[in-house]
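Per the working numbering, the very first residue in the sequence shown carries number 95; after that it's consecutive.
For every residue, glycine included, the Cβ atom is placed at its ideal position computed from N, Cα and C.
Since we're looking at a predicted model, the values are computed, not measured.
Remarks on the structure that follows.
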Amino acid sequence: MPKRSPIIVIMGSVDHGKTTLLDYIRKTNVAAKEAGGITQSIGAYEIVHPSASSGQAARITFIDTPGHEAFGKMKTRGAHVADVAILVVAADDGVQPQTKAAIKILKETKTTFIVAINKIDKEGVDPNKIKNELMQSEVFLEGYGGDVSNQEISAKSGQGVNELLDLVLLASELEDLEYDPAKPASGLILESKMDSRRGVVATVIVTDGTLRFGDLISTESANGKVKMLENFLGKAVKEISPSSPALIFGLESLPKAGENFVAGKNEPNIKIKKVIAASKTSESDVNVILKADVSGSLEALAEIVKSLPLKKTQKIEIIEESVGDITDGDVKLAISTKAVIVGFKTKITKPAEALALDHKIKIIQSEIVYDLLKVIEQELAKAYLPQVVGRLEILAIFGESGKTTPAKATAGKQIIGGKVIEGVILNKSTLAIERNGSVIGELKITNLQQGKKDAGKIETGNECGLLVESTTKIAKGDLLLYRT
Numbered sequence: 095m096p097k098r099s100p101i102i103v104i105m106g107s108v109d110h111g112k113t114t115l116l117d118y119i120r121k122t123n124v125a126a127k128e129a130g131g132i133t134q135s136i137g138a139y140e141i142v143h144p145s146a147s148s149g150q151a152a153r154i155t156f157i158d159t160p161g162h163e164a165f166g167k168m169k170t171r172g173a174h175v176a177d178v179a180i181l182v183v184a185a186d187d188g189v190q191p192q193t194k195a196a197i198k199i200l201k202e203t204k205t206t207f208i209v210a211i212n213k214i215d216k217e218g219v220d221p222n223k224i225k226n227e228l229m230q231s232e233v234f235l236e237g238y239g240g241d242v243s244n245q246e247i248s249a250k251s252g253q254g255v256n257e258l259l260d261l262v263l264l265a266s267e268l269e270d271l272e273y274d275p276a277k278p279a280s281g282l283i284l285e286s287k288m289d290s291r292r293g294v295v296a297t298v299i300v301t302d303g304t305l306r307f308g309d310l311i312s313t314e315s316a317n318g319k320v321k322m323l324e325n326f327l328g329k330a331v332k333e334i335s336p337s338s339p340a341l342i343f344g345l346e347s348l349p350k351a352g353e354n355f356v357a358g359k360n361e362p363n364i365k366i367k368k369v370i371a372a373s374k375t376s377e378s379d380v381n382v383i384l385k386a387d388v389s390g391s392l393e394a395l396a397e398i399v400k401s402l403p404l405k406k407t408q409k410i411e412i413i414e415e416s417v418g419d420i421t422d423g424d425v426k427l428a429i430s431t432k433a434v435i436v437g438f439k440t441k442i443t444k445p446a447e448a449l450a451l452d453h454k455i456k457i458i459q460s461e462i463v464y465d466l467l468k469v470i471e472q473e474l475a476k477a478y479l480p481q482v483v484g485r486l487e488i489l490a491i492f493g494e495s496g497k498t499t500p501a502k503a504t505a506g507k508q509i510i511g512g513k514v515i516e517g518v519i520l521n522k523s524t525l526a527i528e529r530n531g532s533v534i535g536e537l538k539i540t541n542l543q544q545g546k547k548d549a550g551k552i553e554t555g556n557e558c559g560l561l562v563e564s565t566t567k568i569a570k571g572d573l574l575l576y577r578t
């Protein structure tokens with residue numbers, strides 16, 4: 095069977111030079127200007143490099159993955175489809191948490207990888223220091239007691255890049271990279287998005303068989319017919335062979351990034367949509383609707399939101415997640431579910447903007463992940479209400495002599511009597527003062543007594559005396575709330 099070209103994934107930490115390396119390899123001078131310093135979508139490119147062993151031109155396909163650790167799923171997807179990986183480590187920064195995360199993924203997926211020690215042209219850098227750091231992360235390089243190939247490079251000047259590509263082709267020759275051109279095509283969905291003119295657009299990598307114009311294609315969540323086929327340069331073609339990235343048009347709905355696809359079948363897909371109960375179980379809960387420009391970013395954003403730290407009595411619920419601009423339909427859903435709309439690299443339609451303004455629906459938009467997370471965390475903090483673990487009803491207010499005083503007792507130190515009607519009240523704790531269903535202030539217990547004896551806590555059904563400090567005038571019938 096014929097050989098296919100290798101698929102290479104570039105991985106590494108933020109700002110270690112992955113995009114610059116890929117840019118140099120592609121012989122262009124336009125490095126991606128990443129919002130917030132993060133490459134936020136996977137791209138796939140094909141290049142030609144002369145083989146060191148045969149001297150003949152060899153094709154290599156590169157997948158560029160995000161470096162930020164929050165995009166773990168996207169990196170894992172890239173590693174699964176890749177034959178060989180290049181792990182970029184900056185000589186002036188060393189092994190970072192994202193580097194370790196990439197190493198873990200490569201080992202878990204058993205992907206052959208080569209280490210590229212970048213920024214070697216910077217003054218004062220020590221490649222041996224980086225190699226020792228890699229050893230501590232259980233990456234054993236050639237010459238250091240291991241078999242992992244490595245190359246010192248400068249992605250900026252191109253120093254060592256040709257030698258790196260030679261190593262890539264050498265490693266690829268050891269892999270069994272064959273395909274059956276007669277088989278129906280199969281491969282992986284890298285990205286999908288909705289184009290206003292051409293409908294659903296999916297970026298794919300063919301891994302076996304030949305994908306042809308007119309083929310019926312199916313994924314786990316979508317199906318359709320290839321009505322248009324473009325190579326990675328945007329040129330319309332009749333067919334795509336394995337290891338080649340392509341754009342396909344004709345799917346009836348958006349497939350999810352990371353799904354496998356097969357061609358030549360038109361089996362109906364069973365689409366299961368999770369129905370989320372949108373009603374809040376607590377006023378502290380926050381409902382969100384997620385929107386993003388492409389499915390890979392949407393998946394990563396959802397993963398980040400789900401991993402946000404929460405109070406034990408609070409939760410965040412993703413009501414819906416979809417690709418595309420924020421529409422009035424999204425706002426209507428937000429109105430009915432009391433949700434916040436979060437848009438990553440998306441626009442908002444005029445009708446949606448007007449509707450959101452009328453109904454005071456909060457919409458958060460940014461091209462920088464960190465900014466979105468900051469605002470979401472602020473929303474969680476604003477929504478959080480401490481859990482009430484104890485309630486005390488004030489039965490009487492006393493003066494210093496112990497005699498009952500009028501309900502308009504003076505502010506400052508006060509002696510009060512009450513009964514715990516729910517939970518527990520602790521000595522030295524701070525309590526909220528509730529009157530007619532509204533919190534009107536706070537007080538601090540300086541002494542707690544039961545039967546004229548000091549007590550550490552008073553439980554449900556028991557009466558007690560309290561010496562409290564408060565700037566709020568306390569009245570008989572008020573409730574004191576102990577919250578955590």
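query, result
"Do residue 154 and residue 100 count as a contact pair if the criterion is CB distance below 8 Å?", "yes"
"I think residue 341 touches residue 295, with their Cβ atoms under 8 Å apart; what is that distance to the nearest whole Å?", "6 Å"
"Do residue 197 and residue 233 have their CB atoms nearer than 8 Å?", "yes"
"Do the CB positions of residue 334 and residue 383 come within less than 8 Å of each other?", "no"
"Got a sec, what are the start and stop residues for the alpha helix (DSSP H) residue 308 sits in?", "Residue 308 -> no alpha helix (DSSP H), and no H or E assigned at all."
"In angstroms with no decimal places, state the Cα-to-Cα distance between residue 454 and residue 476.", "16 Å"
"Could you tell me the distance, in whole angstroms, from the CA atom of residue 346 to the CA atom of residue 462?", "30 Å"
"If distances are taken between C-alpha atoms only, which option among 104, 279 and 244 comes closest to residue 192?", "104"
"Using DSSP with H/G/I as helix, E/B as strand and the rest coil, what is residue 189?", "coil"
"Any C-beta of chain B sitting closer than 8 Å to the C-beta of residue 268?", "The chain labelled as chain B is not found in the depicted structure, where only one protein chain is given."
"Go through the segment 191–272 residue by residue and report every complete run of the beta strand (DSSP E) that reaches 3 residues or more, in order.", "206–212 and 244–246"
"Going by DSSP in three states, residue 396 sits in which element: helix, strand or coil?", "helix"
"Since residue 182 sits in a beta bridge, which residues does DSSP pair it with?", "106 and 210"
"Just tell me which of 228, 356 and 217 has its CA closest to the CA of residue 194.", "228"
"Can we count residue 321 as close to the ligand ATP, meaning its CB is less than 7 Å from some heavy atom?", "For the ligand ATP, the structure offers nothing, since it holds no ligand at all."
"Identify whether residue 177 lies in helix, strand or coil by the three-state DSSP scheme.", "coil"
"Check this for me: beta carbons of residue 304 and residue 283, under 8 Å apart or not?", "no"
"Nearest CA to the CA of residue 275: which residue from 315, 337, 259 and 285?", "337"
"Looking at C-beta atoms only, is the number of pairs between the segment 413–427 and the segment 435–452 that lie closer than 8 Å three or more?", "yes"
"Can you name the start and end residues of the beta strand (DSSP E) that residue 411 belongs to?", "410–417"
"Answer yes or no: do residue 553 and residue 518 have a C-beta to C-beta separation smaller than 8 Å?", "yes"
"Determine the contact status of residue 157 and residue 210, defining contact as a CB-CB distance below 8 Å.", "no"
"By a C-beta neighbour count over all protein chains shown, 10 Å radius and 16 as the cutoff for buried, is residue 224 buried or exposed?", "buried"
"Roughly how many angstroms separate the alpha carbons of residue 251 and residue 271, rounded to a whole number?", "32 Å"
"In three-state terms, what does DSSP make of residue 339?", "strand"
"Flag this pair as yes or no: are the beta carbons of residue 451 and residue 389 separated by less than 8 Å?", "no"
"Going straight from the alpha carbon of residue 242 to that of residue 116, what length do you get?", "21 Å"
"Give the straight-line distance between the Cα atoms of residue 559 and residue 536, rounded to the nearest whole angstrom.", "17 Å"
"So which of 213, 138 and 143 has the shortest CA-CA distance to residue 339?", "138"
"Enumerate, from N- to C-terminal direction, the unbroken beta strand (DSSP E) stretches of 3 or more residues contained entirely within the segment 477–562.", "482–492, 506–520, 524–529, 532–544 and 551–553"
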